[in-house]
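Worksheet for the structure shown next.
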Ligand SMILES: Nc1ncnc2c1ncn2[C@@H]1O[C@H](COP(=O)(O)OP(=O)(O)O)[C@@H](O)[C@H]1O
Ligand SMILES: N[C@@H](CCC(=O)OP(=O)(O)O)C(=O)O
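Residue numbers (the working numbering): 914 to 1291.
Laid out in structure tokens, this is it:
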């Protein structure tokens, strides 16, 4: 496959893992609560993708809107504590709605509520990653939203486009599909300009796209502006983004089959390369692991995770989630990555098979010292 194919619509038909974001403007039936029939239709399409073996993580808005209906409120409150209350009430309805629809297909869902802090703090980032990776591995569909009840204005994502992109980064999804109430990104806001034209595709980093993307309507939060920013964020880990109308019949399956619906925003780099660059370039290392010859070989030749059994020595003071350097027995640099155990715990695990971790530490964070997704060979 050529680089162009990887970054075009073919990236969608070949995707193994996808984040689908459904926005408030689409979900909420013009402010009259959740559009349950439409939600059922998207769930049917996601279930079909799932049957094809694609891992789907759903980022769904709608908690505040659903809560307003349940509380009998007709206008969106301005005060933070009222928004928090509405979200707490509405998130129940949202979860229930998805659970019932996925159950028709014999699929289990999981409610995952995240805050900004969960993804910026490395330890919590790794915890969120392990939990989400475990859920998709169990073939469960995570239904993710911002934890609106505990966030305040200063520390919120606010819109779910950003949250969707960060989840795509976290799980290294191949694609981010943003479903909204417009056919895609236009060269002007179609609500105000009847001559606005759909942009079929572009580079996620193109500043000209950010310039045409405006704010949201009465129900949504960020508008196109946050969707274009989300595409730029998702591109960092190599994901392609599609912004499209969720009202198009069979939208999700057609997009994932590579049909030219909505706006495709391509990353400049192929998947993995962006993530590996980030790992290699961004963080300082806080410690060193000395690997035996067998571990050096599998890391280099197979891109494997690093298991404690292949580690001979630990130095430095590092904590779970810190960047550590891996060297061979002669001290030559082999790899670096984000470690799953702190220095003291890692020292106790040296040379041990992973099934002994629980007996040695009394708990298991992960079977590997560094997961291959968090490791870059130098
Ligand atoms: N260039 C543009 N192309 C399309 N829509 C735009 C553009 N600029 C602003 N918008 C607005 O963005 C809205 C979608 O964003 P938003 O209301 O936040 O929806 P959601 O809740 O789905 O995230 C559209 O209804 C539209 O009015
Ligand atoms: N977390 C909020 C949704 C925020 C929101 O509306 O975002 P968006 O769908 O991107 O416009 C909720 O569930 O009500």
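We treat Cβ as the ideally placed atom computed from N, Cα and C, and that holds for glycine.
Practice item. Compute the minimum distance between the beta carbon of residue 1059 and the heavy atoms of ligand 3, and state whether it is under 8 angstroms. Key: Only ligand 1 and ligand 2 can be found as ligands here, which leaves ligand 3 out of the picture.
Review point. Hey, would you say the C-beta of residue 1177 is under 8 angstroms away from at least one heavy atom of ligand 1?
Key: no
Review point. Using the beta-carbon count (16 or more within 10 Å), is residue 1120 buried or exposed?
Key: exposed
**Study point:** Cβ separation of residue 1254 and residue 1233, assumed to be a contact under 8 angstroms, to the nearest whole Å
**Key:** 6 angstroms
Review point. What's the gap between the Cα of residue 1094 and the Cα of residue 1136?
Key: 10 angstroms
Review point. Under the DSSP definition of a beta bridge, which residues are partnered with residue 1111?
Key: 1099
Point to revise | Whether residue 1283 touches residue 1260 by CB criterion (9 angstroms) | key: no
Practice item. Let me know the secondary structure DSSP gives residue 1106 once reduced to three states. Key: coil
Practice item. Figure out for me which residue from 972, 1217 and 1228 has the closest Cα to the Cα of residue 1290. Key: 1217
Check your understanding: Hey, how far is the Cα of residue 991 from the Cα of residue 980?
Key -> 14 angstroms
Practice item. Determine the burial state of residue 1004: buried for a count of at least 16 other Cβ atoms within 10 Å of its Cβ, exposed for fewer. Key: buried
Exercise for review: Determine the direct distance from the alpha carbon of residue 1267 to that of residue 1287, and round the result to whole angstroms.
Suggested key: 18 angstroms
Check your understanding: In chain order, what residues of the same chain have a beta carbon less than 7 angstroms from the beta carbon of residue 1273, not counting five sequence neighbours either side?
Key -> 1261, 1262 and 1265
Point to revise | Expected contact under 8 angstroms - CB spacing of residue 1011 and residue 1022 to nearest Å | key: 5 angstroms
Check your understanding: With 16 as the cutoff for other CB atoms within 10 Å, does residue 929 come out buried or exposed?
Key -> exposed
Review point. Exposed or buried, which one is residue 1044 when buried takes at least 16 other CB atoms within 10 Å?
Key: exposed
Exercise for review: Look up residue 1229 in the DSSP assignment and say whether it is helix, strand or coil.
Suggested key: strand
Check your understanding: Mind checking if residue 1057 is an interface residue toward chain D, Cβ cutoff 9 angstroms exclusive?
Key -> The structure shown contains no chain D; it is built from a single protein chain.
Review point. By a C-beta neighbour count over all protein chains shown, 10 Å radius and 16 as the cutoff for buried, is residue 1051 buried or exposed?
Key: exposed
**Study point:** For residue 948, three-class secondary structure by DSSP
**Key:** coil
Review point. For residue 936 versus residue 1082, is the C-beta spacing smaller than 9 angstroms?
Key: no
Review point. Beta-carbon separation of residue 1112 and residue 1157 under 9 angstroms?
Key: no
Check your understanding: Does DSSP put residue 941 in a helix, a strand or coil?
Key -> coil
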